[in-house]
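In the numbering used here, the protein residues as written are 2 to 311.
Report on the structure given below.
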Amino acid sequence: VSEETQTPADLAGVVFLGALSAAAGGRAVIEVRPGWTEPVNLYTAVVMPPGSRKSAVFREMTTPITDAERQLCETARADIQEQEVARTVADEAAKRAIATAAKDPKNDDAKAQAIAAAGIAMAIMPRAWPRLLADDVTPEAATSLLAQQGGRLAILSAEGDIFDVMSGRYSAGQIPNLGVFLKGHAGDTILVDRKGREPERIDRPALTIGLCIQPQVLLDIARRPVLRGRGLLARVLYSLPADVVGYREIEPDTVQAEVRDLYRQNLAALVVSLDGWTAPAVLLVTPEAAKALAEFQRVIEPRLRNGAGD
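Shown next, in the form of structure tokens:
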């Protein structure tokens, strides 16, 4: 893809990490060492100027996720429709039973039948339509989608609008609601209670964010204290590839059809195969990976000292 679009390999590579996170997020954890586990979902942002063909690369690398979401919806269609019809029938039966009981409040049998009918109706909860992807979504809507989808959701976009949402676009002057974005990265339990709605509990949220943004967006978000102060920006894996505009080949090689098809089939199959998992797989770190991590920590740790970044 990098060769075909004449873009840095960083762009396709990091967008792919976001797509892979969308496929496996919430379905696996990494055990770095006993007692230390990390989720596999990522927040990524590739920073490139306008006209860098970000959208073409983004579309190529994320199309399998869209295809998989469509496949999951088609597979679930019959069950969801059956559940919706059953709920409608049960609701009507409950209404009739309640109406009968209301005509004769002293009739204990009628009241018991109404209570039973209402309980049957409430017990039928049609499953939500499968959703993997979101784009311009409020924090509240993202929380509800995570709850409906068993704790996983991906915000993948070729733009950086989600940073405006995080900064308070829909907050009407109030402090932005960053909880879902902070806890969705770390996998911390989310508890939401709102008036007039059922409470929402998400035990292991796995939110993925994969963006392609322009340099100005990065400068803007770096100036927003609310994003920096609460550690949100530190959760993002940034990539700032070299600008190759002006050095691109005019007639490059294209991706072979069988390579493109294999990539799309494998990534979509990964999404579908992991969809039904309820407990995450535990991935162990190899000795080589543990050594690489330790070396990385030795480099990073001194940079975290107070005043080191001034």
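Positions of the beta carbon are idealized from the N, C-alpha and C atoms, including for glycine.
Just so you know, these numbers come straight off a predicted model, no measurement behind them.
Assuming residue i and residue j are in contact, meaning their beta carbons sit under 8 Å apart, how far apart are those beta carbons, in whole angstroms?
i       : j       : result
Phe-59  : Cys-213 : 5 Å
Val-15  : Ser-240 : 4 Å
Ala-207 : Arg-153 : 4 Å
Ala-20  : Thr-67  : Actually they do not touch by this definition, with Cβ atoms about 10 Å apart.
Ile-203 : Ala-148 : 5 Å
Val-2   : Val-218 : Contact doesn't hold; Cβ gap of about 23 Å is too wide.
Since residue i sits in a beta bridge, which residues does DSSP pair it with?
i       : result
Ile-214 : Val-48
Pro-1   : What the structure shows of the chain is the stretch from 2 to 311, and residue 1 is not part of that stretch, so it cannot be assessed.
Thr-209 : Ala-155
Ser-240 : Val-47
Leu-284 : Ile-31
Trp-278 : Paired residues: none, contrary to the question.
Thr-38  : Glu-32
With distances taken from CA atoms, which of the options is nearest residue i?
i       : options                           : result
Ser-53  : Asp-276, Tyr-248, Ala-24          : Tyr-248
Ala-23  : Trp-37, Val-273, Val-48           : Val-273
Val-193 : Glu-141, Tyr-239, Ile-222         : Glu-141
Ala-100 : Asn-267, Asn-178, Ala-111         : Ala-111
Leu-43  : Val-237, Pro-50, Glu-85           : Val-237
Ile-301 : Glu-289, Ala-235, Glu-70, Gln-84  : Ala-235
Asp-312 : Val-256, Ile-210, Pro-242         : Coverage of the chain is limited to positions 2 through 311, which leaves residue 312 absent and any answer about it impossible.
Thr-6   : Ala-118, Val-47, Lys-55, Pro-65   : Lys-55
Pro-35  : Leu-305, Leu-285, Lys-292         : Leu-285
Ile-121 : Ala-103, Ala-94, Ala-102          : Ala-94
Glu-270 : Val-138, Ala-117, Ala-25, Arg-224 : One detail in the question is off: residue 270 reads as Ala in this sequence, not Glu. Nearest option by C-alpha distance: Ala-25.
Gly-180 : Thr-144, Ala-91, Arg-195, Ile-210 : Thr-144
Glu-160 : Glu-201, Arg-88, Ala-46           : Ala-46
Gln-215 : Pro-51, Leu-268, Pro-9, Val-2     : Pro-51
Asp-244 : Val-48, Thr-279, Arg-306          : Val-48
What do you get for residue i, buried or exposed, if any count of 16 or more other CB atoms within 10 angstroms of its CB means buried?
i       : result
Met-126 : exposed
Thr-287 : exposed
Asp-276 : buried
Gln-150 : buried
Met-123 : exposed
Glu-70  : buried
Pro-40  : buried
Pro-106 : exposed
Ala-102 : buried
Arg-304 : exposed
Arg-299 : exposed
Thr-8   : buried
Ile-251 : exposed
Val-1   : Missing from the structure shown is residue 1; the chain here goes from 2 to 311 and no further.
Leu-294 : exposed
Can you check whether the C-beta of residue i is within less than 8 Å of a C-beta belonging to chain B?
i       : result
Cys-213 : As a matter of chain content, chain B is missing from the structure shown, which is built from one protein chain.
Stretch pair the segment 70-77 + the segment 128-144: three plus CB contacts closer than 8 Å: yes
contact_flag[the segment 209-228, the segment 246-262] where n(CB pairs < 8 Å) is 3 or more: no
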